[in-house]
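Q: Quick one: the structure is below, and I'll ask about it shortly.
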Amino acid sequence: MIDFDKVHPRIDTNSVKWDAIKEMYRRENLLPLWVADMDFLAPEPVTKALQQAVAQGIYGYSIFPDSLYHAIIDWQRTRHDYTIEKQDILFNSGVVPSLALALQSYTQENDAVLIHDPVYHPFADVINRNKRQLIREPLLERNGHFEIDFASMEQTIIDHHVKLFILCNPHNPGGRVWTKEELRTIGTLCQKHHVIVVSDEIHQDIVFAPHTFTSFQTVDPSFAAFSIVLSSATKTFNLAGIKNSMIFIKDPQLRKQFIEAQEINVQGEINTFGAVATEAAYRDGTPWLEELLLYLSGNADFIRDFLQQELPKVRFQMPEGTYLMWLDFSAYGLSDNQLQRILIKEANVVLNQGTIFGPHGTQHMRLNFACSRTILTQALQQIAKAFQAIDNQ
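Okay, so the sequence shown: first residue is 1 according to full-length UniProt numbering, each after it adds one.
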């Protein structure tokens, strides 16, 4: 049994999640439930593999061993019924840099690129920085989760001559795990209108039963002709600092275009420790992951019960995947700045402001529950105290 309840001090470790907030907000003792990394130790096999790599004492240039490719291929086949070959796998430092390369590979300046709203905020940033036209398609909030208005999405594609769509599956910040039927409809629309799909599947392994993850390219073999998949072991195994991600591209022409963009930008290499950690995680990390999923599911249930009991005015979407929960504070009638001020100054808790995920994130916050139950309980109690004080005014 892995002790996910244990609190591992991260202050003064150069942690963005824990150390950056002191400078940002000029306050002590803030509890960080924001940046999407976990407060848990990485799997022991990963630590041992990294220790062995450090112990050999020479840190020169490295090749990608066949064992790394085999670990990735086996993981995708075993966990997600997704068959890829060695030639389909490219490497890069992260999913967001790979998004930039995808835009440069498959679109031109001023081309329209579609994303959902709300969605992971670097999507919009990368589109804008690459001087593409940002198009947002609002998600519908129904039955306690996000849904896609496919008729509206198709009309948006037509009206703006969309060239590329960035899919987030599982969805960040809403925690939706899009069904095979939903993905099929997305693929059919994009195929019909000649839209390239870039599927960000970095949270693919963090999915809670009875929900199941479906990789975009497994829905229909023909989808591989107009799509690429972005993935990584970093979210699954809490390895964000190793800076390693994969791009799965089955179509030879799409792969050629992406490689050309990598060469122009001198990207495509990963550091030794990224390769070592990724291989060890995929080879030996399954037992750790299974325990993690149970713990995270328990944290999500704990938040649900707490909010229903202590903060019934705060609506939420129960995540089907990810370790992120989307909270709706609109019943309090606060502005986004007021909401942020109360959480920081009264509750002493840092969440992600909903507005960074798009205009439809107003009066919402994203909560990262990948932490010990002790810290989660303390943070929720502080939030409840602050908002109960508002109710009692």
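Glycine is no exception: its CB is placed at the ideal position from the N, C-alpha and C atoms.
Can you tell me whether His121 is buried or exposed, with buried defined as 16 or more other CB within 10 angstroms of its CB?
A: buried
Q: Please name the residue in Asn143, Glu182, Leu189, Glu147 whose C-alpha comes closest to that of His161.
A: Just measuring C-alpha positions, the residue of Asn143, Glu182, Leu189, Glu147 sitting nearest His161 is Leu189.
Q: For the beta strand (DSSP E) containing Asp328, list its first residue and its last residue.
A: 324–328
Q: Of all the options Asn29, Pro359, Glu310, which has the alpha carbon lying nearest to the alpha carbon of Asp391?
A: Glu310
Q: Could you check if Gln267 belongs to the surroundings of the ligand ZN, using beta carbon to heavy atom distance under 7 Å?
A: As presented, the structure is devoid of all ligands, the ligand ZN included, so that no description of it is given.
Q: Would you call the CB atoms of Ser98 and Ser245 closer than 8 Å?
A: yes
Q: Are there 16 or more other CB atoms within 10 angstroms of the CB of Gly60, so buried, or fewer, so exposed?
A: By the 16-neighbour rule on beta-carbons within 10 angstroms, Gly60 is exposed.
Q: Would you identify the three-state DSSP class for Leu351, choosing helix, strand or coil?
A: The answer is coil: DSSP assigns Leu351 none of H, G, I, E or B.
Q: Are Asn299 and Phe226 closer than 8 Å when you measure CB to CB?
A: no
Q: Would you mind reading off the limits of the beta strand (DSSP E) that contains Leu139?
A: That residue, Leu139, is in no beta strand (DSSP E); it is neither H nor E in DSSP.
Q: In angstroms, rounded to a whole number, what distance separates the CA positions of Ala20 and Thr78?
A: 38 Å
Q: If you follow the alpha helix (DSSP H) that Val126 is in, where does it begin and where does it stop?
A: Counting along the chain, the unbroken alpha helix (DSSP H) around Val126 starts and ends at 122–129.
Q: Could you give the C-beta distance for Thr322 and Asn172, rounded to a whole number, given that I count them as a contact under 8 Å?
A: Indeed, because the Cβ distance is near 6 Å, the residues count as touching under 8 Å.
Q: Just the Cα atoms here: how many angstroms apart are Asp205 and Thr236?
A: 6 Å
Q: Would you tell me roughly how many angstroms separate the C-alpha atoms of Trp75 and Phe40, rounded to the nearest one?
A: 22 Å
Q: Just to confirm, is the Cβ distance from Val35 to Val54 under 8 Å?
A: no
Q: If Arg129 sits next to Glu109, beta carbons under 8 Å apart, how far is it from one beta carbon to the other, in whole angstroms?
A: Contact doesn't hold; Cβ gap of about 11 Å is too wide.
Q: Work out the CA separation of Ser297 and Pro210 for me, nearest whole Å.
A: 11 Å
Q: What is the C-beta distance between His193 and Ile166, in whole angstroms, given that I count them as a contact (C-beta under 8 Å)?
A: Contact between His193 and Ile166 does not hold, since the beta-carbon distance rounds to 15 Å and is not under 8 Å.
Q: Can you give the Cα-Cα distance for Phe387 and Thr374, rounded to whole angstroms?
A: 20 Å
Q: Taking Ile342 as the reference, give the member of Ile228, Leu30, Ile11 with the closest Cα.
A: Leu30
Q: Give the straight-line distance between the Cα atoms of Trp18 and Asn337, rounded to the nearest whole angstrom.
A: 22 Å
Q: Check the DSSP bridge columns for Glu147 and list the partner residues they point to.
A: Leu140
Q: Using alpha carbons as the reference points, say which of Ser372, Gln353, Ala347, Ala240 lies closest to Glu28.
A: Ala347
Q: So, is Lys250 buried or exposed, given that buried needs 16 or more other C-beta atoms within 10 angstroms?
A: Classification of Lys250: buried, given that the 10 Å Cβ count is 16 or more.
Q: Distance, Cα to Cα, Tyr25 vs Gln353?
A: So the two alpha carbons sit approximately 14 Å from each other.
Q: Output yes or no for whether 8 Å exceeds the beta carbon distance between Gly144 and Gln317.
A: yes
Q: On the CB-based measure, 16 or more other CB atoms within 10 Å of its CB, does His116 come out buried or exposed?
A: buried
Q: Under a Cβ-count criterion, where at least 16 other Cβ atoms within 10 Å of its own Cβ denotes burial, should Glu320 be classed as buried or exposed?
A: buried
Q: Give the straight-line distance between the Cα atoms of Ala124 and Ile202, rounded to the nearest whole angstrom.
A: Ala124 and Ile202: Cα-Cα distance of roughly 17 Å.
Q: Among Met153, Gln155, Gln253, Ile186, whose alpha-carbon lies nearest the alpha-carbon of Asn169?
A: Ile186
Q: Confirm, please, whether the CB-CB distance from Leu293 to Phe4 is below 8 Å.
A: Going by C-beta atoms, Phe4 is not nearer than 8 Å to Leu293.
Q: I'd like to check one pair, Ile247 with Ile228: are the Cβ atoms closer than 8 Å?
A: Against a cut-off of 8 Å, the Cβ pair of Ile247 and Ile228 comes out as a contact.
Q: By the 10 Å Cβ neighbour count, where 16 or more other Cβ atoms means buried, how is Val219 classified, buried or exposed?
A: buried
Q: Might you give, ordered along the chain, the residues of its own chain that have their beta carbon closer than 6 Å to the beta carbon of Lys313, omitting 5 neighbours on each side?
A: Residues of the same chain with a CB within less than 6 Å of the CB of Lys313, apart from the 5 flanking positions on each side, are Ala331 in chain order.
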